[in-house]
Amino acid sequence: MIVSIRQYLIFYIILIIALVLAGVLPISYIRATEDVIREHAIIEAYTEHTLIESVQLVNKGLDLIDSSLNPVMEEMLSTYLEEYTRSGQDPGAMDLFSLKERFSQQTNATVDLYVFNEDGIILYTTEPAVKGVDFKNYPEFYSALKQHMKGSTPAMDRVVRSVQNQSDLKVLGDLRKFAYIPTPDHRYVLEIGLLSDAFADIRSEFSYQYMVGRIWDENPDIDVLEIYDIWGNRVAVWSSDQNISEEVIPLPSDDITQALRSRSGTSFGSPVQGDRTTILFIDLKNPQALSDDSIVAVIRYGDRLKEQLEMLLFQYILFGIVGIGSGIILALLVSKRISAPIREIVTDVHQIADGDLDHTIRSMHTLEFTELETSMNLMIQKIKEYSEEIERKRSEMLVASKIQQSIIPASFPVPEGFDIAAITIPALEVGGDFYDIFSRHDTSVTLVLADVAGKGVPAALFMALSRTIIRILTRWPGSPAGIIRSSNSIFIEDSGSVSFVTLFFGVLDAQSCILRYVNAGHNPPVLYRAERNLSTLEPTGPVIGLLDDPDYSEGSVTLSPGDVLVIYSDGVTEAMDPDGKLFTEERLYEVIQQHHLSSAEGLMQAIVLAVRTFAGTAPQSDDLTLIVVKR
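According to the UniProt record's numbering, the sequence shown holds residues 1 to 631 in order.
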């Protein structure tokens with residue numbers, strides 16, 4: 001599509017403005033985006049830090065309250081251990097229910113007693129529902145229990161949830177404060193569990209639920225904030241849709257389970273996409289207690305950051321549209337002023353282009369356009385001279401092309417039992433390739449393929465001379481070597497050694513199937529045998545036209561059924577692709593091997609197609625000439 005200078009001016013002015021905007025706006029947008037994301041990251045880090053500190057503060061308050069019961073628990077443990085000793089260290093002989101009643105009256109609360117054996121199983125208890133519970137199902141607690149059994153000092157847990165029965169793997173029972181002491185024989189661990197309604201009241205005052213509400217208020221980016229205990233139970237939740245619940249809910253996520261097992265946090269998702277989730281493991285384990293009060297906090301961030309970034313992008317796109325719109329208006333005004341004198345020049349050029357080479361460019365009133373006027377008038381004069389020269393060369397090329405086409409045989413003899421195909425494809429400039437196929441007598445066929453040095457009319461004339469010499473000499477009896485020697489002498493006498501010819505000359509006897517040949521410096525023809533072996537017919541003498549008395553030897557081969565002979569010019573192997581790489585003999589050999597079972601015409605077309613495919617759109621400087629003989 002052809003465009004005007006005014007259109008170019010409009011285009012480039014707009015392009016420059018667009019490039020400036022494209023350079024400034026993206027950088028500014030990226031920095032603004034980074035600032036927003038950085039601010040979000042700071043708020044996120046602050047939220048997580050505040051959450052951890054808040055959890056630790058709540059935990060510390062609960063620990064102080066729960067620890068106030070430790071003296072009472074230690075006193076009951078001492079009594080419990082004395083009863084174990086009086087029973088002859090036989091827990092089955094103890095009256096646990098009497099102890100329970102005694103301890104319950106002492107504390108004004110419900111007290112239950114438990115006895116663990118070495119396997120972590122509750123053998124004896126005042127709470128029938130948990131008798132036989134195997135704490136190996138709670139690996140961390142079981143490990144702590146086994147370690148405690150080896151000692152001699154009591155251990156005090158915080159108020160924690162208790163196991164309800166043997167199927168309660170999530171520990172969803174009542175809130176109790178537990179205390180433990182190992183027996184002196186290290187065979188059992190005696191446990192006391194204190195149940196009180198006050199525990200729930202205290203936790204409503206020091207509530208994780210209240211804490212997550214405060215955290216959520218400080219960071220509007222939070223969509224959901226959840227707290228899970230060490231057993232995977234959700235103990236607090238706050239969400240943006242006000243769906244608030246303090247119920248203990250079973251663990252819903254494998255990611256949370258993994259955090260509990262690995263005792264470490266993780267993050268996944270992208271805040272930019274609005275699906276960022278952070279899992280924090282807050283280690284609250286007291287090494288002197290058997291139970292673990294650690295928690296997992298899950299923060300699911302909403303899409304507020306995504307919305308901010310989308311709004312930021314919209315603003316910058318709007319800035320870009322306004323900038324480009326202003327540039328278009330400016331481009332229209334500037335281009336109109338500049339293009340007016342150019343349109344006058346275009347009018348003059350159109351008149352000259354219509355054939356009026358005597359017309360001159362009108363005078364302009366600016367320095368640049370005056371120089372343009374002078375240059376164009378000079379160019380018009382040179383165009384006249386170049387046109388005459390081009391016409392002369394075109395006539396010469398037309399003559400050369402006609403000479404080349406006239407000496408290529410329109411048809412040729414094919415002996416019985418053989419299949420022959422030949423072709424010449426000229427390059428952009430007419431070269432000196434030609435082939436000739438004719439009969440010397442009834443039982444033989446002469447095959448000639450030559451490449452005359454040079455291009456254009458001189459090459460075409462020497463081509464015609466070479467063909468005529470060979471045709472005349474083959475009328476009289478003689479060997480191929482003798483014919484080529486005589487041809488060399490005549491060619492030198494007529495051409496004066498200003499050119500030379502590479503040539504393959506062969507005489508094929510149709511009865512004996514013997515090919516006698518002379519290769520005068522030409523590309524070695526390829527002989528592909530039916531047995532799938534390949535050989536070449538190497539030069540048997542120098543090129544024609546360089547030496548006065550050269551020595552030409554003669555070669556011969558016998559063609560068997562299925563054999564293929566490919567005679568070619570350098571336009572095949574030296575064909576170049578757009579990168580300047582050559583087709584090469586190796587590629588030619590591959591094509592012959594792949595298509596040797598085809599007819600002579602089929603193999604020839606396969607070679608031509610392979611060369612054209614390889615060359616693509618690259619212009620070729622050499623003619624492509626082929627003779628394919630197949631028996």
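C-beta: ideal position from N, C-alpha, C; glycine also.
Given the structure is predicted, the values throughout are model-derived calculations rather than measurements.
Closest to residue i by CA distance: which of the options is it?
i: serine 267; options: Gly545, Ile181, Glu48 and Ala200; result: Glu48
i: aspartate 303; options: Pro477, Asp223 and Tyr29; result: Asp223
i: aspartate 275; options: Tyr138, Arg300, Ser599 and Ile490; result: Arg300
i: leucine 194; options: Phe412, Ala460, Leu77 and Leu559; result: Leu77
i: valine 414; options: Asp293, Pro91 and Ile627; result: Ile627
i: serine 220; options: Ser239, Tyr210 and Glu585; result: Note that residue 220 corresponds to proline in the displayed sequence, not to serine. Residue Ser239 is the option with its Cα nearest to proline 220.
i: aspartate 622; options: Gln594, Met604, Ser167 and Phe583; result: Phe583
i: serine 479; options: Gly555, Glu34, Ser104 and Thr468; result: Gly555
i: proline 139; options: Met379, Ile230 and Ser489; result: Ile230
i: asparagine 488; options: Ile52, Ser466, Trp476 and Ala259; result: Ser466
i: residue 646; options: Ile514, Gln351, Leu318 and Ile472; result: Missing from the structure shown is residue 646; the chain here goes from 1 to 631 and no further.
i: alanine 615; options: Ala575, Arg587 and Ile345; result: Ala575
i: glutamate 416; options: Thr443, Ile423 and Tyr435; result: Thr443
i: leucine 9; options: Ala331, Asp549 and Thr468; result: Ala331
i: threonine 278; options: Thr107, Ile256 and Pro539; result: Ile256
i: leucine 260; options: Ala32, Asp292, Glu493 and Arg337; result: Asp292
i: glutamine 594; options: Ala236, Arg529, Gly580 and Ile345; result: Arg529
i: alanine 460; options: Ser495, Arg475, Trp476 and Val445; result: Ser495
Using the Cβ count rule (16 or more neighbours within 10 Å means buried), how would you classify residue i?
i: aspartate 551; result: exposed
i: alanine 520; result: buried
i: arginine 158; result: buried
i: asparagine 523; result: buried
i: valine 557; result: buried
i: serine 245; result: Low confidence applies here, because serine 245 scores a pLDDT of 49, under 50, leaving its location unreliable and the question unanswered by this model.
i: asparagine 533; result: exposed
i: asparagine 59; result: buried
i: phenylalanine 314; result: exposed
i: proline 525; result: buried
i: tryptophan 216; result: buried
i: isoleucine 361; result: buried
i: proline 91; result: buried
i: glutamine 620; result: buried
i: valine 591; result: buried
i: glutamate 247; result: Confidence in glutamate 247 is poor, its pLDDT being 47 and thus under 50, which makes the residue's placement unreliable; the coordinate value appears in the next sentence. When all chains shown are included, glutamate 247 counts as exposed.
i: proline 250; result: At proline 250, the pLDDT of 45 sits below 50, so the modelled position is not reliable; the number obtained from the coordinates is stated separately. Looking at its Cβ environment, which holds fewer than 16 other Cβ atoms inside 10 Å, proline 250 is exposed.
i: asparagine 539; result: Note that residue 539 is proline in the sequence shown, not asparagine. The residue is buried, with at least 16 neighbouring Cβ atoms inside 10 Å.
i: lysine 336; result: exposed
i: methionine 211; result: buried
i: tyrosine 12; result: exposed
i: histidine 350; result: exposed
i: glycine 432; result: buried
Flag this pair as yes or no: are the beta carbons of residue i and residue j separated by less than 8 Å?
i: leucine 508; j: leucine 447; result: yes
i: valine 55; j: leucine 312; result: no
i: glycine 327; j: leucine 25; result: no
i: tyrosine 228; j: isoleucine 295; result: yes
i: isoleucine 483; j: phenylalanine 505; result: yes
i: phenylalanine 438; j: valine 629; result: no
i: glycine 571; j: alanine 453; result: no
i: glycine 265; j: leucine 280; result: yes
i: arginine 161; j: glycine 173; result: yes
i: serine 599; j: aspartate 451; result: no
i: lysine 177; j: leucine 96; result: no
i: leucine 99; j: tyrosine 80; result: yes
i: valine 611; j: leucine 624; result: yes
i: phenylalanine 116; j: valine 171; result: no
i: threonine 107; j: valine 72; result: yes
i: threonine 502; j: valine 543; result: yes
i: methionine 94; j: glutamate 101; result: no
i: leucine 309; j: threonine 33; result: yes
My assumption, with CB atoms under 8 Å, is that residue i sits in contact with residue j. Please give the rounded CB distance.
i: phenylalanine 462; j: serine 499; result: 5 Å
i: isoleucine 324; j: isoleucine 17; result: 6 Å
i: serine 560; j: arginine 516; result: Contact flag wrong, Cβ pair sits at about 16 Å.
i: proline 154; j: alanine 129; result: About 25 Å; that fails the 8 Å criterion.
i: proline 182; j: methionine 149; result: 5 Å
i: alanine 109; j: serine 167; result: About 27 Å separates the two Cβ atoms, so there is no contact after all.
Would you please verify whether the beta carbon of residue i is less than 8 Å from any beta carbon of chain C?
i: tyrosine 12; result: Checking the listed chains, one finds no chain C in this structure; it contains a single protein chain.
Can you tell me whether residue i sits near the ligand HEM, meaning its C-beta is under 7 Å from at least one heavy atom of the ligand?
i: lysine 131; result: Annotation note on the ligand HEM: not contained in the displayed structure, which lists no ligands.
Item to complete: Only counting runs of 4 or more residues, tell me where the alpha helix (DSSP H) segments fall wholly within the segment 585–617, in order along the chain.
Response: For the segment 585–617, whole alpha helix (DSSP H) runs of length 4 or above, ordered along the chain, are 600–615.
Worksheet item: What are the complete alpha helix (DSSP H) segments, minimum 4 residues, inside the segment 20–108?
Response: For the segment 20–108, whole alpha helix (DSSP H) runs of length 4 or above, ordered along the chain, are 70–86 and 96–107.
Fill in: Length at least 3, wholly inside the segment 284–325: the beta strand (DSSP E) runs in chain order
Restricted to the segment 284–325, the beta strand (DSSP E) segments that are unbroken, complete and at least 3 residues in length are 295–301, listed in chain order.
Practice prompt. Report the residue ranges of all beta strand (DSSP E) runs contained in full by the segment 532–572; include only those spanning at least 3 residues, in chain order.
Written response: For secondary structure counted as the beta strand (DSSP E) over 3 or more consecutive residues, the segment 532–572 holds these complete runs in sequence order: 534–536, 555–558 and 564–568.
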